[in-house]
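In our numbering, the protein residues as written are 23 to 209.
Beta carbons: idealized from backbone N, C-alpha and C, even for Gly.
Read the structure below first, then the notes.
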């Protein structure tokens with residue numbers, strides 16, 4: 023599966039047009055909930071979240087994705103903006119690889135439906151008091167666009183995630199139809 027996923031996303035990010043990626047609305051609305059310090063951006067793609075957070079003071083950023091092509095584009099955007107962002111190509115289906123990355127004050131995950139195991143591994147990668155900001159498409163997005171429901175969050179799907187405190191759960195009933203979670207790792 024990893025090879026197929028990598029090829030798929032490398033193809034998506036290989037288009038010749040270089041448009042600077044736009045930060046998701048949920049990030050713009052909730053970035054201030056993140057804790058200053060080292061930040062890990064998971065499933066970063068071309069780096070919309072990484073670029074936005076690295077441009078803010080106090081957020082040294084590491085970005086991970088399955089697509090080396092996406093990470094290469096992120097590196098070009100970062101260089102153009104004079105930002106320093108570390109990148110690493112990882113397959114999130116093998117979530118145990120995350121343990122090699124260290125710990126973070128903040129972790130972001132956007133536009134990707136994780137497994138419960140991956141979310142738990144991300145919570146483990148937080149320092150005590152650290153926060154995870156996670157936002158992805160919900161079932162309203164499936165109903166309005168035909169987007170595969172396999173990749174959409176069920177209502178309140180992760181509100182009971184163990185090992186963390188749920189700070190906020192926001193479900194959008196208008197486009198882009200996302201559910202957003204903010205978790206905090208206990209002290």
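{"query": "Beta-carbon gap between residue 96 and residue 68 smaller than 8 Å", "result": "yes"}
{"query": "Length-filtered (3 minimum) beta strand (DSSP E) runs lying within the stretch 47–131", "result": "61–64, 83–87, 107–111"}
{"query": "Residue 58, buried or exposed, once every other Cβ within 10 Å from all chains shown has been counted against 16", "result": "exposed"}
{"query": "Rounded C-alpha distance that separates residue 148 from residue 208", "result": "10 Å"}
{"query": "Chain-order list of residues whose beta-carbon lies under 6 Å from that of residue 80 (same chain, five-residue window excluded)", "result": "58"}
{"query": "The stretch 146–166 in contact with the stretch 85–103 per 3-pair CB rule at 8 Å", "result": "no"}
{"query": "Residue environment, residue 210, which counts as buried when at least 16 other CB atoms sit within 10 Å", "result": "The structure shown does not extend to residue 210, since the chain is modelled only from 23 to 209, so the question has no answer here."}
{"query": "Outcome for residue 184 when other beta-carbon atoms lying within 10 angstroms are tallied against a minimum of 16", "result": "exposed"}
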